[in-house]
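Chemist: Position one of the sequence shown corresponds to residue 1113 (my numbering), numbered consecutively onward. Below: one structure in structure tokens.
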Amino acid sequence: HADYTFDEKYGFRDYRGGGRSSGRETIGRVAAGAIAIKVLETLKISVCAYATRIGGISIDYDKFDIRERDENAFNMPDAEAACKVEEYATKKLEEKDSIGGIIECVVTGMMPGVGDPVFDKLDANLAKAIMSIGAVKGFEIGDGFAAADSTGSTNNDSFTVMDGKVVKKTNHSGGVLGGMSDGSDIIFRAAVKPTPSIASMQQTVNKSGEDISISIKGRHDPMIVPRAVVVVEAMTALTIVDMILGNMTSRIDRIVDFYKR
């Protein structure tokens, strides 16, 4: 739990695995996120996160069933994958080890034009919010890193008009263009590392600079991916509500119309 960096910064560390590096820190985020989700519901915007990969075991999108997410302990929308993860996680726990995974989040019903083009981009703020969650080590939106191997003609999303509304035929951008929402679903993924506090022996040094081996004691999870799902939803909702509120002042004509009422 970042013992070395905390000790270097503050001259103190919570050796019990608590403090600001503990998953317990997220309780306030989840509580606030629950309120933000209610606010978004009034705007008909929904936030849904789930685990797509744990311990190298991925869901099959052909078997995707979001209802199944709430029926297993791993928040995976694929019952078969969840069963495999349970078996693998049990094995790793017996081996005194831990595993990581990937969480995907989808925001539906988002209106276009929310976000700023440079220093307050919607995707940048989402990245900061999600990366602020302990153990999250990676973030990608839309096609993400796969776009690096694509071409402009393939990666560009095509626009069309359907029922009098501008829509996209594809969503490689993940619902954000130029730092602003484009009206499509916002889709991103977060990579979560294995829990660092494990019971197997590890090499480290003590405060005297001596090489030692340690085995972490106490209550530590073999994985935090399933528990992080709700935290990802909370941070996403908080970020979007904040940016929607800020977006209210982006145009003078809308401010004038509002105060003419």
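Where is the CB? At the ideal position from N, CA and C, for every residue including glycine. Predicted, not measured: the structure shown is a model, and the values here were computed from it.
Beta carbon of D1228, beta carbon of G1291: below 8 Å?
Modeler: For D1228 and G1291, yes; Cβs fall inside 8 Å.
Chemist: Residues in its own chain within less than 6 Å of M1243 by CB, not counting five upstream and five downstream?
Modeler: Contacts found: F1251.
Chemist: Can you name, in chain order, every residue of its own chain whose Cβ lies under 6 Å from the Cβ of A1194, other than the five neighbours on each side?
Modeler: N1184, F1186, M1188
Chemist: Tell me the DSSP secondary structure of M1355 in three-state form.
Modeler: Residue state, collapsed to three classes: helix.
Chemist: Considering Cα atoms alone, identify which of G1295, R1339, S1325 is closest to V1304.
Modeler: R1339
Chemist: Given V1219, which residues of its chain have a CB within under 6 Å of its CB, disregarding the five upstream and five downstream residues?
Modeler: V1159, I1298
Chemist: How about N1283: is its Cβ closer than 7 Å to a heavy atom in the ligand NAP?
Modeler: Only the bare structure without any ligand can be found here, which leaves the ligand NAP out of the picture.
Chemist: Can you tell me whether DSSP reads M1274 as helix, strand or coil?
Modeler: Here M1274 sits in strand by DSSP.
Chemist: Rank E1198, A1148, E1322, L1238 by C-alpha distance to the C-alpha of S1286 and give the top, closest one.
Modeler: According to the sequence as given, residue 1286 is Gly; it is not Ser. Among E1198, A1148, E1322, L1238, the Cα nearest to that of G1286 is on L1238.
Chemist: So who's on the other strand from A1161, going by DSSP bridges?
Modeler: C1217
Chemist: Could you tell me which of K1233, G1140, R1301 sits nearest to A1346, measuring between CA atoms?
Modeler: G1140
Chemist: What first and last residue would you give for the beta strand (DSSP E) that runs through K1249?
Modeler: 1248–1253
Chemist: Report buried or exposed for F1300, applying the criterion of at least 16 other Cβ atoms within 10 angstroms of its Cβ.
Modeler: buried
Chemist: Give the single residue among V1288, G1145, S1327 whose Cα lies nearest to the Cα of T1316.
Modeler: S1327
Chemist: Spatial neighbours of N1268 within its chain, please: C-beta separation below 8 Å, excluding the five flanking residues on both sides.
Modeler: H1284
Chemist: Quick one: what's T1316 bridged to in DSSP?
Modeler: I1324
Chemist: Going along the chain, which residues of its own chain have a beta-carbon closer than 8 Å to the beta-carbon of Y1127, five neighbours each way excluded?
Modeler: D1115
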